[in-house]
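*Asks:*
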Amino acid sequence: MKHLLNKAGLCGILCAALFSPIWMAQAAPADWYWWSSKTSDARVCAQTSPGEGWTQEKQAYSDARCENKKR
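Taken in order, the sequence shown gives residues -27 to -1, 1 to 44; the numbers are from mature numbering (1 follows the signal peptide of the UniProt record, and there is no 0).
#1: Between D4 and the rest of its own chain, which residues show a CB-CB distance below 8 Å, the 5 nearest in sequence each way excluded?
#2: Please list, in chain order, all residues of the same chain as M(-27) whose beta carbon is under 6 Å from its beta carbon, the five residues on each side excluded.
#3: Would you kindly check if the distance between the Cβ of R16 and the Cβ of S22 is under 7 Å?
#4: For C(-17), does the count of other Cβ atoms within 10 angstroms reach 16, so buried, or fall short, so exposed?
#5: For N41 and L(-14), I'd like the C-alpha separation in whole angstroms.
Encoded structure:
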């Protein structure tokens, strides 16, 4: 029984090592959005909220200048 558990544990480790790079390769960068200030006409292109008082616009972009729209 002990020998069987060691094989099962080794198999799990090998499977994790083999398939982890596949999952990591499929990760995509976060989208960019225009954020509009609630108190002025200012707009900022960012991946996350600049703080309180900002509203995220709906259109997602793939670049830091918010020029290339995501489909």
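Virtual Cβ for every residue (Gly too), placed ideally from N, Cα, C.
Computed from a prediction, not measured in an experiment: that's the story for all the values here.
*Replies:* Inspection of the coordinates gives the following:
#1: Q20, A33, Y34, S35 and K43
#2: Because M(-27) carries a pLDDT of 49, less than 50, the predicted location of this residue cannot be relied on, and the following value inherits that uncertainty. If the five residues before and after M(-27) are omitted, its C-beta is found closer than 6 Å to no C-beta atom of its own chain.
#3: no
#4: exposed
#5: 40 Å
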